[in-house]
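*Asks:*
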Amino acid sequence: MRMQGKVCVVTGGARGIGRGIVETFAREGAAKVYALDMNDKEFPALEANFPNVKGAVVNVTDSGAVNALVARIKEESGRIDVLVNNAGITRDNLIQKMSDSDWDAVIDVNLKGVFIMTRAVAPLMMEAGSGSIVSISSVVGLDGNIGQTNYAATKGGVVAMTKGWAKEFARKGAKVRANCVSPGYTRTPMIETVPEKVLEPIIAKTPLGRLAEIQDIANAVLFLSSEESAFVTGQVLRVDGGLVL
Ligand SMILES: NC(=O)c1ccc[n+]([C@@H]2O[C@H](COP(=O)([O-])OP(=O)(O)OC[C@H]3O[C@@H](n4cnc5c(N)ncnc54)[C@H](O)[C@@H]3O)[C@@H](O)[C@H]2O)c1
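If you're matching positions, the sequence shown starts at 307 in our numbering and goes up one per residue.
1) Taking contact to mean 3 or more Cβ pairs, one atom from each stretch, closer than 8 Å, check whether the segment 390–403 and the segment 353–363 are in contact.
2) Can you tell which of R516, K380, T512, S444 has the C-alpha that lies nearest to the C-alpha of G394?
3) With a CB to CB cut of under 7 Å and the five nearest residues on each side skipped, what residues in its chain are close to V359?
4) Going by the C-beta, is V527 closer than 7 Å to any heavy atom of ligand 1?
5) Below 8 Å, how does it come out for the segment 465–479 and the segment 521–534: are there three or more Cβ pairs, yes or no?
6) Would you mind stating whether V388 and S438 have Cβ atoms separated by less than 8 Å?
7) Hey, A426 and N373: beta-carbon distance below 8 Å or not?
8) Out of S531, G548, M432, which one is the CA nearest neighbour of Q310?
9) Mind checking which residues open and close the alpha helix (DSSP H) that includes N525?
10) Assign L517 to one of two classes, buried (16 or more other C-beta atoms within 10 Å of its C-beta) or exposed (fewer than that).
11) Between which two residues does the beta strand (DSSP E) holding Y340 run?
12) Mind listing, in chain order, the continuous beta strand (DSSP E) runs of no fewer than 3 residues lying wholly within the segment 465–516?
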């Protein structure tokens, strides 16, 4: 039980990788896992299967709503031990076809949303003297990709913010850590629109010969959220089967 007694917050927790992380934390004995998402359709099933999971509707780009929710969680559970910044979107296009609104939407959720969530939660962790923040980047944030100017900018930005936070949040003896997980292509609803003809060559050049499964990513997040990684901060853990773009 590697999350025994911990209070955890996971954004984008209703489906895909976020849901896998929520369920993994719940199975690993977390006291409470708050699944934050804009979409509440899946919350009844999640809460029915896991009594230690609670769904909360919030848009991570809405700083007023995020601050109010974090204050409510503090009141209800007393603290937040783990924050996973997972919510993310794509609006892919070649740069000459990428609209201002495609750029703004992705920056808003993937970059500003991570900033807003961390700004709300990190002070509670620093006050408590401990905590772990894990943000989901992407191989695209490290290596770039055709048609993903906006997405690559956000995922690279998350890595840069994380390295700064590792220094900023450990001041005054606080054991508050910040790390990233950088998944390769992972079988979730997000990549349902990616044609198999695009995925096949990626699988072919991946040494481990497949795409990631949700549990592969959740296991890496579990390690960085638990005490097993107590001396790890400011790092990016690639979970991509050895893929180098
Ligand atoms: N699937 C992949 O291949 C892959 C690869 C690398 C990185 N990632 C990253 O992993 C994370 C999860 O991806 P996924 O594939 O599970 O995506 P997904 O689309 O399946 O799920 C994302 C969830 O985030 C929620 N969400 C979106 N915008 C939100 C907002 N503004 N506020 C609150 N919730 C919001 C959605 O409602 C959804 O439930 C993302 O950050 C993504 O960029 C995914």
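The beta carbon of each residue, even a glycine, is placed where N, CA and C say it ideally should be.
*Replies:* Reading from the atomic positions:
1) The segment 390–403 makes no contact with the segment 353–363: fewer than 3 CB pairs, one atom from each, lie closer than 8 Å.
2) Reading the sequence shown from its first residue, position 88 is the one you call residue 394. Ranking R516, K380, T512, S444 by Cα distance to G394 puts S444 first.
3) Here residue 359 is taken as the residue at index 53 of the sequence shown, counted from 1. Here V359 has V328, A332, V339, A341, L352, E353 as same chain residues with Cβ atoms under 7 Å from its own Cβ, once five neighbours each way along the sequence are excluded.
4) By 1-based counting over the sequence shown, the position of residue 527 is 221. Not one heavy atom of ligand 1 falls within 7 Å of the beta-carbon of V527.
5) No, because fewer than three Cβ pairs between the segment 465–479 and the segment 521–534 fall closer than 8 Å, the two stretches do not touch.
6) For the purposes of this step, residue 388 is identified with residue 82 of the sequence shown, where counting begins at 1. For the purposes of this step, residue 438 is identified with residue 132 of the sequence shown, where counting begins at 1. Yes, these two residues count as a Cβ contact at 8 Å.
7) For the purposes of this step, residue 426 is taken as the residue at position 120 of the sequence shown. For the purposes of this step, residue 373 is taken as the residue at position 67 of the sequence shown. Cβ atoms of A426 and N373: closer than 8 Å.
8) Sequence index remark: in the sequence shown, residue 310 carries index 4 (1-based). Of S531, G548, M432, the residue nearest in Cα terms is S531.
9) In the sequence shown, residue 525 corresponds to position 219, counting from 1. Segment 520–531, the alpha helix (DSSP H) holding N525.
10) If you number the sequence shown from 1, residue 517 lands on position 211. Counting Cβ neighbours within 10 Å, L517 comes out buried, since at least 16 surround it.
11) Walking along the sequence shown from the start, residue 340 turns up at place 34. Segment 338–343, the beta strand (DSSP E) holding Y340.
12) You should have 481–489.
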